[in-house]
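Residue numbers for the sequence shown, in our numbering: 499 to 738.
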Amino acid sequence: MIYGCQPYDYEDGTLVFVSPGQIYGIDSKGVAIKPSGYGLLFHPDLIAGTSLARSIKDYTFFSYEVNEALHLSKKERKTIFDCLEKIAAETDQNIDKHSKRLIVSNIEVLLNYCMRFYDRQFITRSNVNKDILVRFENLINDYFQSNKGQDLGLPSVTWCAEQLYLSPNYFGDLIKKETGNTAMDYIQSRLIEEAKLRMFDASKSINDISFQLGFKYQQHFTRLFKQKTGTTPNEYRSLN
């Protein structure tokens with residue numbers, strides 16, 4: 499299965515979420531195959547004006563890459579099938595004033611189960627996640643040590659995710675689950691740690707340090723530093 503530019507070995511019991519505008523397809527390498535499975539497709543107008551329309555962006559897995567798909571256990575698969583059967587039963591009978599609400603409600607239930615199952619997957623794949631955390635830490639260390647900040651600016655969550663071959667949403671969710679902090683909080687904390695180390699070099703001005711770290715303006719660096727430490731860079735330097 500090709501999703502964007504990434505190939506994926508599709509397995510039995512796997513869920514992939516596709517949002518509007520995303521492109522995917524099957525690359526059978528010239529062999530005639532007929533993929534089988536279940537698909538739930540719904541038009542945005544179906545959920546317009548419902549609670550699901552207001553919360554649909556909370557289901558961040560719609561922006562995951564295909565290699566970050568959800569792998570279901572047999573018990574979880576049965577739960578998903580039950581949800582699909584309820585939706586199918588509603589679409590197969592005569593439409594009445596209750597149909598839309600019931601269909602949308604069942605879609606929302608299905609998505610909420612998927613959120614639960616993704617949380618389980620983050621836990622059961624903790625060894626893989628810890629490897630990503632190590633690579634993330636090494637990536638940030640290299641960013642500062644090679645002075646990439648002067649050329650690229652501050653390291654963004656999107657940039658870090660791309661370097662680790664992950665979608666920004668999956669990367670952000672994984673870091674939040676593993677550390678309790680957002681990826682941006684983690685980057686900013688490492689940024690402040692690096693700034694503190696550089697302040698012990700008296701030959702570097704605060705402006706030099708902020709520029710080397712990737713800040714366009716020193717006042718932005720000063721504001722973040724005070725927010726994270728309670729002191730300004732100059733105050734921290736004088737105290738240490």
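For each residue, glycine too, the CB sits at the ideal point set by N, CA and C.
Remember, it's a predicted structure, so these values are computed and weren't measured experimentally.
Note: L568 is bridge-paired with L513 in the DSSP secondary-structure output. For R623, there is no enclosing alpha helix (DSSP H), as DSSP gives it neither H nor E.
Approximately 6 Å separates the beta-carbon atoms of F634 and L662; this is inside 8 Å, confirming the contact.
In the displayed model, L582 falls within a helix according to three-state DSSP.
A direct Cα-to-Cα measurement between K628 and F719 gives close to 30 Å. Comparing C-alpha distances from T589 to each of R614, D706 and L539 shows the shortest one belongs to L539. Rounded to whole angstroms, the separation of the alpha carbons of D594 and A551 is 21 Å. The Cβ atoms of Q710 and G670 do not sit closer than 9 Å to each other.
Per DSSP, the continuous alpha helix (DSSP H) segment holding I545 begins and ends at P542 to I545. Taking all protein chains shown into account, N645 has fewer than 16 neighbouring C-beta atoms within 10 Å of its C-beta and is therefore exposed. Counting the other Cβ atoms within 10 Å of the Cβ of L695 gives fewer than 16, which makes it exposed. A direct Cα-to-Cα measurement between E563 and Y668 gives close to 8 Å. Per DSSP, the unbroken alpha helix (DSSP H) holding D706 starts and ends at I704 to L711. Comparing C-alpha distances from A693 to each of F642, L650, Y715 and Q717 shows the shortest one belongs to F642. By the Cβ-count criterion, L672 is buried, with 16 or more other Cβ atoms from all chains shown falling within 10 Å of its own Cβ.
For I531, no alpha helix (DSSP H) segment is defined, and its DSSP state is neither H nor E.
With a cutoff of 9 Å on beta-carbon distance, R618 and T548 are scored as not near each other. The criterion of a C-beta distance shorter than 9 Å is satisfied by F560 and F515.
Here Y536 is exposed: its Cβ has fewer than 16 other Cβ atoms, across all protein chains shown, within 10 Å. Put simply, the segment 700 to 709 does not touch the segment 672 to 691. Fewer than three CB pairs are less than 8 Å apart. Membership of I690 in the alpha helix (DSSP H) is indicated by the continuous run A681 to M697. Less than 9 Å divides the Cβ of L631 from the Cβ of T677.
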